[in-house]
Amino acid sequence: MSEKKKSIFSDKKIMTRALKDSFVKLDPRVQIKNPVMFMVYVSAILTLVLFAFALCGVRDAQPAFILSVSVILWLTVLFANFAEAIAEGRGKAQADTLRANRKDVTANKIPSPDKKDKIQHVPSGNLVKGDIVYVRAGEQIPGDGEVIEGAASVDESAITGESAPVIRESGGDRSAVTGGTTVVSDWLVIRITSEPGESFLDKMIAMVEGAARKKTPNEIALQILLVALSMIFLLVTVALYAYSLFSAGQMGQPNPTSVTALVALLICLAPTTIGALLSAIGIAGMSRLNQANVLAMSGRAIEAAGDVDILLLDKTGTITLGNRQAGEFIPVDGKDKRELADAAQLASLADETPEGRSVVVLAKEEYGIRERKIGQMHARFIPFTAKTRMSGVDYEGNEIRKGAADAIREYVISKGGSFSSECEQIVTDISKQGGTPLVVAKNGNVLGVIHLKDIVKHGVKDKFSDLRKMGIKTIMITGDNPLTASAIAAEAGVDDFLAEATPEAKLTMIRDYQAHGHLVAMTGDGTNDAPALAQADVAVAMNTGTQAAKEAGNMVDLDSSPTKLIEIVKIGKQLLMTRGALTTFSIANDVAKYFAIIPALFVSLYPGLQALNIMNLHSAQSAIISAIIYNALIIVALIPLALKGVKYREVPASKMLSKNLLVYGLGGILIPFLAIKLIDVIIVGMGIL
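In terms of UniProt numbering, the sequence shown opens at residue 1 and continues consecutively.
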């Protein structure tokens with residue numbers, strides 16, 4: 001789904017489809033979904049009927065003038081359709097690619113995991129929730145599911161765009177698989193978790209194509225406001241026509257105001273600019289999220305991301321690099337440092353974790369300890385378990401253990417040894433520094449401590465500072481003890497932290513903040529994260545996570561990057577800013593149109609109105625035509641901004657509001673004056689009027 005970023009306007013296929021869809025959307029059933037533009041649509045039809053009457057001798061105004069107004073109104077409708085169609089273009093292109101990757105394959109259905117030899121070949125479209133399938137290397141996974149047996153490399157490029165395969169295995173937080181991906185090596189036994197037509201890929205296609213996009217509450221509220229303004233201007237226009245008839249009758253003059261001119265006035269005064277772009281802004285916001293490889297289950301989730309003021313961030317992978325590294329061997333009670341390094345390396349030889357490998361590397365670098373002949377030692381390695389919280393090795397009558405301080409304390413005491421105050425102090429000091437202490441013991445005696453360092457990512461402190469300026473509070477979530485968590489939180493610059501986090505603690509924290517009126521965002525990947533994800537206002541589940549986490553979240557990050565939450569918040573805020581800025585610009589536009597059309601319509605009745613013709617427009621007809629041409633062209637001019645979004649900056653909301661009011665409010669007043677005057681000069685110079 002990831003693609004190289006390029007201008008949507010340079011894609012001929014998308015442009016061609018958008019132009020075609022602009023005419024397809026002239027269907028009244030489509031137009032009526034946008035009440036403001038439906039009013040323009042009806043006005044275009046009305047002026048076309050008036051033109052036909054004018055040709056038959058029933059004149060409202062000059063046929064050429066009526067036709068000019070009608071053509072421009074039709075172009076206005078087409079430009080609005082084009083704005084929406086071009087916004088949908090990238091999503092439809094992505095949907096076509098995904099649809100091409102989705103194909104009905106033959107699934108190896110089996111009755112149970114232990115009966116892999118009893119395969120029943122069935123079409124993948126016939127699989128239902130609960131079916132068990134056996135997928136071998138080179139075969140496509142037939143549907144969304146949970147791995148219940150086996151481990152394998154899976155190519156997920158059809159979904160994420162990343163060519164590197166990922167590991168999927170039973171148990172843990174990497175058991176979820178997606179239909180349409182391919183097993184590269186080994187095999188998997190999978191329990192199907194979705195019904196036909198409801199797979200993750202089906203949802204992705206529907207969302208990126210826009211078929212499942214529903215208007216958000218903010219979008220609906222704004223549309224109600226725009227409709228209300230349009231109705232007010234409609235009543236004003238009708239009242240002006242009645243007043244013009246009355247005034248002309250009192251003066252014994254023919255009515256100078258034509259229905260065509262009043263229709264033009266109505267369309268110019270109605271908020272057609274934002275009405276034409278409103279849908280495109282929402283679709284483009286979702287498209288930007290898709291380009292970031294995030295699938296939103298609803299537009300409401302994107303809007304909520306823009307209003308978020310509390311971010312819950314996992315420490316590992318988001319704030320820190322994720323892999324603790326051994327930084328120092330610290331002997332205690334007069335023990336030899338080399339002996340400590342030697343024992344620590346022996347206890348870590350079978351440890352394939354990044355932390356374990358870093359202990360081996362540090363011992364090599366500091367003391368040149370290498371090339372051990374494990375086979376000759378007859379060593380028995382003790383794996384780490386959550387229960388014992390330590391690992392080690394037994395060899396030639398020796399016992400070495402490495403693990404958490406309290407676990408090693410219990411171990412050495414059970415062996416008749418002691419845990420000295422010096423060791424206690426070193427453990428405390430390392431924790432206060434934000435590190436993780438691992439105590440090493442040999443034959444029941446403590447040798448010393450390994451200092452594992454959590455490396456805080458470069459630049460995160462500045463990021464959190466920017467978020468703070470925007471009024472967003474950041475909270476680090478970690479399983480570390482409070483001392484370690486406090487040190488890392490201080491180094492990273494987060495506002496608060498939750499140490500020794502449990503699912504219940506996360507859920508309680510989210511509810512507490514929500515009870516005080518805050519909007520909370522968080523990420524998660526495990527089944528134990530599901531309750532908190534379901535409670536959060538913006539819940540980003542990792543694609544590598546469990547099915548429970550995906551179902552609980554309202555967004556799925558296909559890259560499974562914990563840092564993506566910050567980018568999602570930025571996209572949400574940019575969406576809200578863009579909608580607000582263009583609404584401000586659209587409403588501010590009306591000022592110039594008053595000065596263009598009102599004098600043109602009524603100057604013959606009230607010559608004093610000529611003073612309002614500050615643009616010195618050539619004639620009444622040129623003023624009206626210039627105003628509605630500008631009204632149509634400004635839609636086209638703003639399409640790139642609607643699609644790209646207003647530039648986002650990490651500044652306080654009040655400062656951003658002031659700047660947008662200055663740029664889009666003042667700009668919305670001044671630009672129409674200049675543009676309408678320029679158009680008037682051009683059409684008069686070309687002899688059009």
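Ideal placement from N, C-alpha and C gives every residue a C-beta, glycine not left out. Predicted model, so just to flag it, every value in this text is computed and none were measured.
Query raised in the report: In or out: residue 614 buried (at least 16 other Cβ within 10 Å) or exposed?
Result: Flag for residue 614 reads exposed.
Query raised in the report: So, using beta-carbon positions, are residue 51 and residue 273 closer together than 8 angstroms?
Result: Against a cut-off of 8 angstroms, the Cβ pair of residue 273 and residue 51 comes out as no contact.
Report task. Using alpha carbons as the reference points, say which of 262, 668, 493 and 535 lies closest to residue 512. Result -> It is 535 whose Cα lies nearest to the Cα of residue 512.
**Report entry** Helix, strand or coil at residue 211 [DSSP, three-state]
**Finding:** Note on residue 211: pLDDT 45, under 50, position unreliable in the model; no value is reported.
Query raised in the report: In terms of DSSP beta bridges, what is residue 187 paired with?
Result: DSSP lists 136 as partners of residue 187.
**Report entry** Sheet register partners of residue 453 (DSSP bridge)
**Finding:** 325, per the DSSP bridge assignment.
Requested in this report: Just tell me which of 569, 91, 179 and 280 has its CA closest to the CA of residue 582.
Outcome: For the set 569, 91, 179 and 280, the Cα lying nearest the Cα of residue 582 is the one of 280.
Query raised in the report: Can you pull the DSSP bridge partners for residue 107?
Result: 122.
Query raised in the report: residue 637: buried (16+ other C-beta within 10 angstroms of its C-beta) or exposed?
Result: That one is exposed.
**Report entry** Proximal residues to residue 574 (C-beta, below 7 angstroms), its chain only, five neighbours per side dropped
**Finding:** Excluding residues within five positions, the ones whose Cβ falls inside 7 angstroms are 645, 646 and 648.
Query - Those residues which DSSP pairs with residue 521 across a bridge - result: Beta-bridge annotation (DSSP): residue 521 is paired with 311 and 538.
**Report entry** Limits of the beta strand (DSSP E) - the one that residue 437 falls within
**Finding:** Residue 437 -> beta strand (DSSP E) spans 436-442.
Query raised in the report: Cβ of residue 601 within 8 angstroms of Cβ of residue 265?
Result: Cβ distance < 8 angstroms, so residue 601 and residue 265 count as in contact.
Query raised in the report: Using the C-alpha atoms, what's the distance from residue 181 back to residue 382?
Result: In this structure, the straight-line span from the alpha carbon of residue 382 to that of residue 181 is close to 37 angstroms.
Requested in this report: Pick out whichever of 544, 517 and 506 has its Cα sitting closest to the Cα of residue 529.
Outcome: Among 544, 517 and 506, the Cα nearest to that of residue 529 belongs to 506.
Report task. Compare the beta carbon distance of residue 444 and residue 417 with 8 angstroms and say whether it is the shorter of the two. Result -> Yes; because the gap between Cβ atoms is below 8 angstroms, this pair is in contact.
Query - Terminal residues of the beta strand (DSSP E) in which residue 622 lies - result: It is not in any beta strand (DSSP E) - residue 622 instead sits in the alpha helix (DSSP H) that spans 620-644.
Query raised in the report: Taking buried to mean at least 16 other C-beta atoms within 10 Å of its own C-beta, is residue 451 buried or exposed?
Result: Counting the other CB atoms within 10 Å of its CB gives residue 451 a total of 16 or more, which places it among the buried residues.
Requested in this report: Just list the beta strand (DSSP E) runs in the stretch 323-397, keeping only unbroken ones of 3 residues or longer that don't cross its boundaries, in chain order.
Outcome: Within the stretch 323-397, the runs of beta strand (DSSP E) that reach at least 3 residues and sit entirely inside it are, in chain order, 325-331, 380-382 and 390-395.
Requested in this report: Assign residue 504 to one of three DSSP states: helix, strand, or coil.
Outcome: When secondary structure is reduced to three states using DSSP, residue 504 falls in the helix class.
Requested in this report: Compute the distance between the beta-carbons of residue 592 and residue 676, then report whether it is under 8 angstroms.
Outcome: In this structure, residue 676 lies closer than 8 angstroms to residue 592 by Cβ.
Query raised in the report: Helix or strand or just coil, what does DSSP make of residue 80?
Result: The three-state reading of DSSP puts residue 80 in helix, counting H, G and I together.
**Report entry** Same chain only: Cβ atoms within 7 angstroms of residue 80, ignoring 5 sequence neighbours per side
**Finding:** Cβ neighbours of residue 80 beyond the five flanking positions: 37, 276 and 635.
Query raised in the report: Buried or exposed: which applies to residue 476, given that a residue is buried once 16 or more other Cβ atoms fall within 10 Å of its Cβ?
Result: Residue environment: residue 476 is assigned as buried (16 or more neighbouring CB atoms within 10 Å of its CB, all protein chains considered).
Query raised in the report: Ordered along the chain, which non-local residues of its own chain (more than five positions away) have a Cβ less than 6 angstroms from that of residue 400?
Result: Excluding residues within five positions, the ones whose Cβ falls inside 6 angstroms are 343, 346, 347, 392, 393 and 442.
Query - Buried versus exposed, by CB contacts within 10 Å (16 or more), residue 501 - result: Residue 501 should be labelled buried.
**Report entry** Spatial distance of residue 366 from residue 395 (CA atoms)
**Finding:** Take the alpha-carbon of residue 366 and the one of residue 395: they are about 24 angstroms apart.
Query - residue 528 (DSSP reduced to helix, strand or coil) - result: Reduced to three states, the DSSP call for residue 528 is helix.
Query raised in the report: For residue 459, which option in 486, 432, 492 and 428 has the closest C-alpha, if you only look at C-alpha atoms?
Result: Nearest C-alpha to residue 459: 492.
Query raised in the report: According to DSSP, what are the bridge partners of residue 154?
Result: Answer by DSSP bridge pairing, in chain order: 166 and 183.
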